[in-house]
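Participant: Before I ask anything, here is the structure I am working with.
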Amino acid sequence: MYKIIKKSWIWFTFSGVLIVLSIIFLATFGLRIGIDFKGGTNIEFQSAKSDKISLATDVLDTEGYTGYQIKESGTNKAIIQIQTLTNDEHAKLAADLQSKISDYDETSYDTVGPTIGHDLTIKSVWAVILASLGIIVFVAFAFRKVPKPLSSWKFGVCAVIALIHDLLITTGFVALVGHFFIWMEVNALFITALLTIMGFSVHDTIVVYDRLRENFIKNPKEDITLSAEESINQTIVRSINTSMTTIIVLLALLIFGSGSIREFVLTLTFGILIGTYSSIFNATPLLVWWHKKDASRKLNSK
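Last residue of the sequence shown: 302 (UniProt numbering), numbering continuous.
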């Protein structure tokens, strides 16, 4: 039997180190914000020329544009991210690019205003907050018949603490990768990845919690540490196998998929890895630690 609970200080320390590193990455590097949130114009074009990015850069520099980004987005494709353009500015830029890149073919053109970007930012934050609150309420309700002295609310709160751990470390990872690669940016797909990670992680956590509840019902007088150890060991193989099969598919998408979803797939892959770790090594040990702390305090108060 794996002694997960008895070695919980190791997992808590490891998670603490990852959280500190994530905060450092966020404070030092920041996040590369996409136009979905800051507003701007996306121009995707196709060209078979190997130097298409440098040619497009020459055009933008000549026209006096600053703060733009150009990145590969797939086979023979690239995306220009630039300040919001008027129709006339877009037409002139397209003509200049066409004259510089002989086989230039614009495949898409999207503009997001700063107001829309701000609204999307607010909605994304609220989506994460409401999802977290919803998880607490749902888990507390689902485990409402858990035998005393366990508390159903503790199940929900510990599950969300594990989720916050997952999201913070994943965001720190995105900040680190985004510092070195311009294609790793925070956009609507990033928020989708975070919400997916939340769902995946809480699902794994609930599987362990449900087994803990069953074991506690069967042996109500058994020490909670032993019940938790048994529950984790009974579900750990299932959790790892589920995660690995998902990650194999995501790696295939990362290698063979379109460049336009690369940041989404990489974020999701890393988040599922962290979520699997936290559901096994953090969520249940945290629940046991909290329960024992409360029990000790009540005993000392008598």
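We put the CB at the ideal spot given by N, CA and C, even for glycine.
Here the structure is a predicted model, which means the values were calculated and not measured.
Take the Cβ of Ala-175 as the centre, count every other Cβ of all protein chains shown within 10 Å, and call the residue buried at 16 or more, exposed below.
Facilitator: The residue labelled residue 175 in the question sits at position 175 within the sequence shown. The residue in question, Ala-175, is buried, as its Cβ has 16 or more Cβ neighbours within 10 Å.
Participant: Which residues share a DSSP beta bridge with Val-78?
Facilitator: For the purposes of this step, residue 78 is taken as the residue at position 78 of the sequence shown. Val is not the amino acid found at residue 78; the sequence shown has Ala there. Note: Ala-78 sits in a beta bridge opposite Phe-45 and Glu-72.
Participant: Could you check the C-alpha separation between Thr-171 and Asn-282 for me, to the nearest Å?
Facilitator: Translated into positions along the sequence shown, residue 171 becomes position 171. Translated into positions along the sequence shown, residue 282 becomes position 282. About 18 Å.
Participant: Thinking C-beta only, is Phe-173 closer than 7 Å to Phe-270?
Facilitator: On the sequence shown, position 270 is the one that residue 270 refers to. On the sequence shown, position 173 is the one that residue 173 refers to. The answer is yes: Cβ separation under 7 Å.
Participant: Excluding the 5 residues flanking Asn-187 on each side, which residues of the same chain have their C-beta closer than 6 Å to its C-beta?
Facilitator: Position 187 of the sequence shown, counted from the first residue, corresponds to residue 187. Counting only Cβ-Cβ distances below 6 Å, and skipping sequence neighbours, we find Gly-34 and Asp-36.
Participant: Measure the alpha-carbon distance for Asp-61 versus Leu-31 and round it to whole angstroms.
Facilitator: For this step, residue 61 is matched to residue 61 along the sequence shown. For this step, residue 31 is matched to residue 31 along the sequence shown. Roughly 25 Å between the two C-alpha positions.
Participant: Would you identify the three-state DSSP class for Ile-161, choosing helix, strand or coil?
Facilitator: Mapped onto the sequence shown, residue 161 falls at position 161. Three-state result, Ile-161: helix.
Participant: Which parts of the region 126-180 are runs of the alpha helix (DSSP H), unbroken and 4 residues or longer, counting only runs that do not cross its ends?
Facilitator: Counting whole runs of 4 or more residues, the region 126-180 contains the alpha helix (DSSP H) stretches 152-180.
Participant: Which residues bound the alpha helix (DSSP H) around Glu-263?
Facilitator: Position 263 of the sequence shown, counted from the first residue, corresponds to residue 263. From DSSP, the alpha helix (DSSP H) with Glu-263 extends over 262-281.
Participant: Assuming contact is defined by CB atoms lying nearer than 7 Å, are residue 305 and Thr-41 in contact in what I supplied?
Facilitator: This structure cannot settle anything about residue 305, because the visible part of the chain is limited to 1 through 302.
Participant: List the whole-angstrom C-beta distance separating Tyr-104 from Ser-47, where the pair is believed to meet the contact cut-off of C-beta under 8 Å.
Facilitator: Taking the sequence shown and counting its residues from 1, one reaches residue 104 at position 104. Taking the sequence shown and counting its residues from 1, one reaches residue 47 at position 47. Confirmed, about 6 Å.
Participant: Select from Phe-200, Lys-218, Leu-168 and Leu-26 the residue whose C-alpha is nearest the C-alpha of Gly-16.
Facilitator: Within the sequence shown, residue 16 is the residue found at index 16, counting from 1. Ranking the options by Cα distance to Gly-16, first place goes to Leu-168.
Participant: Report the partner residues of Asp-105 according to the DSSP bridge assignment.
Facilitator: Taking the sequence shown and counting its residues from 1, one reaches residue 105 at position 105. Answer is Gln-46, bridged to Asp-105.
Participant: Select from Lys-292, Ser-201, Ile-224 and Leu-253 the residue whose C-alpha is nearest the C-alpha of Tyr-277.
Facilitator: Here residue 277 corresponds to residue number 277 of the sequence shown, with the count starting at 1. Checked all of Lys-292, Ser-201, Ile-224 and Leu-253; the closest Cα to Tyr-277 is Ser-201.
Participant: Who are Ile-33's beta bridge partners in DSSP?
Facilitator: Taking the sequence shown and counting its residues from 1, one reaches residue 33 at position 33. Val-186.
Participant: Do Thr-246 and Val-207 come within 7 Å of each other at the CB atom, strictly closer than that value?
Facilitator: Sequence index remark: in the sequence shown, residue 207 carries index 207 (1-based). Sequence index remark: in the sequence shown, residue 246 carries index 246 (1-based). Contact: no.
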